[in-house]
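S.K.: Residue numbering for the sequence shown follows this note's numbering, starting at 27 and increasing by one per position. Even for Gly, the Cβ is constructed at its ideal location relative to N, Cα and C. As the structure is a computational prediction, the values presented were derived from the model and not from experiment. Handing you this structure, nothing more for now.
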Amino acid sequence: MSVLDRLIAAVTPPESAEARYEARKKATEAAMPGDWLDLILQHHMDLEDAFLEVRSAGGATARKIALKQLGVLLTGHAIAEEAVIYPALADEGEKTHATLGYDEQAMVKVQMALLEKLEPMSKDFTDKLEHIEGAVLHHMCAEEGNWFLDLKQTASAEDQVKLTRRYAEEYNRYVGADAPV
Ligand SMILES: [Fe+2]
């Protein structure tokens, strides 16, 4: 296991599915339709589906295509959070959460680059994919159950409107209709 694998394993305590469900329930209750938190929750669910697509792909070609789509969604979501949401966390006095968010997403980017080099149907691939998925699920659980609830409560209504607009702009620049083909 490489140093980065160990780092990723270290930040991946296996929360139960129930704990993740509770975190999502709290975040869903705090979100307003179409606001930044609502958008993020949708993107987190899209990521869960994209991981499933990679895992369940029946052959190397299908798996490579699904991996590419997962990479696009992960990068688009990470860029939008890193450009808009984590700076807001830091601004609201949550620098530790912001720093951890950047660190965890950087590790995921490194691991995704390594994953792309592996033979798609090999055990090494599925092991690393499982690691990355665990790290992402853990990261999303912290965001939904804690970090983002704090931001939802502390940011002003005016700032929340800006967060929604800017998060959507950044995400769509990479993933949405605005993205280059
Ligand atoms: Fe996220």
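Three-state secondary structure (DSSP) at Asp61?
M.R.: coil
S.K.: Output needed for Val162: all residues of its chain with C-beta closer than 7 Å, excluding positions within five of it in sequence on either side, in chain order.
M.R.: Leu73, Val134
S.K.: Just to confirm, are Leu65 and Thr190 a CB contact at a threshold of 9 Å?
M.R.: yes
S.K.: Are Glu41 and Ile105 close, meaning C-beta to C-beta below 9 Å?
M.R.: no
S.K.: Which residues in the same chain have their Cβ closer than 8 Å to the Cβ of Leu141, if we skip the five residues on either side of it in sequence?
M.R.: Counting only Cβ-Cβ distances below 8 Å, and skipping sequence neighbours, we find Leu93, Phe151, Lys154, Leu155, Ile158.
S.K.: For Lys90, which residues in the same chain have their Cβ closer than 8 Å to its Cβ, ignoring the five residues on either side in sequence?
M.R.: Pro146
S.K.: As an exercise, report each continuous alpha helix (DSSP H) stretch of at least 4 residues that is fully enclosed by the segment 97 to 172, in chain order.
M.R.: 112 to 117, 121 to 142, 149 to 168
S.K.: Does the contact criterion of 3 or more C-beta pairs under 8 Å hold for the segment 95 to 109 versus the segment 44 to 59?
M.R.: no
S.K.: Quick one: Cα of Arg199 to Cα of Tyr193, how far?
M.R.: 10 Å
S.K.: For Ala88 and His164, what's the separation of their Cα atoms in angstroms?
M.R.: 27 Å
S.K.: Report the residue from Arg50, Lys143, His70, Ala45 whose alpha carbon sits nearest the alpha carbon of Leu100.
M.R.: His70
S.K.: Let me make sure I understand the geometry here. Which of Ala83, Asp61, Gln68, Ala168 has the alpha-carbon closest to that of Arg46?
M.R.: Ala168
S.K.: Just reading off the alpha helix (DSSP H) that Val187 is part of, what are its end residues?
M.R.: Per DSSP, the continuous alpha helix (DSSP H) segment holding Val187 begins and ends at 183 to 200.
S.K.: Does DSSP put Ser82 in a helix, a strand or coil?
M.R.: In the three-state scheme derived from DSSP, where H, G and I count as helix and E and B as strand, Ser82 is classed as helix.
S.K.: Going by beta-carbon coordinates alone, are Ala76 and Gln95 separated by less than 9 Å?
M.R.: yes
S.K.: For a test of the three-state rule: what should DSSP assign to Glu41, helix, strand or coil?
M.R.: coil
S.K.: For Arg50, which residues from the same chain have a beta carbon less than 6 Å from its beta carbon, with the 5 sequence-adjacent residues on both sides left out?
M.R.: Around Arg50: Glu170.
S.K.: With a threshold of 8 Å, establish whether the CB of His157 neighbours any heavy atom of ligand 1.
M.R.: no
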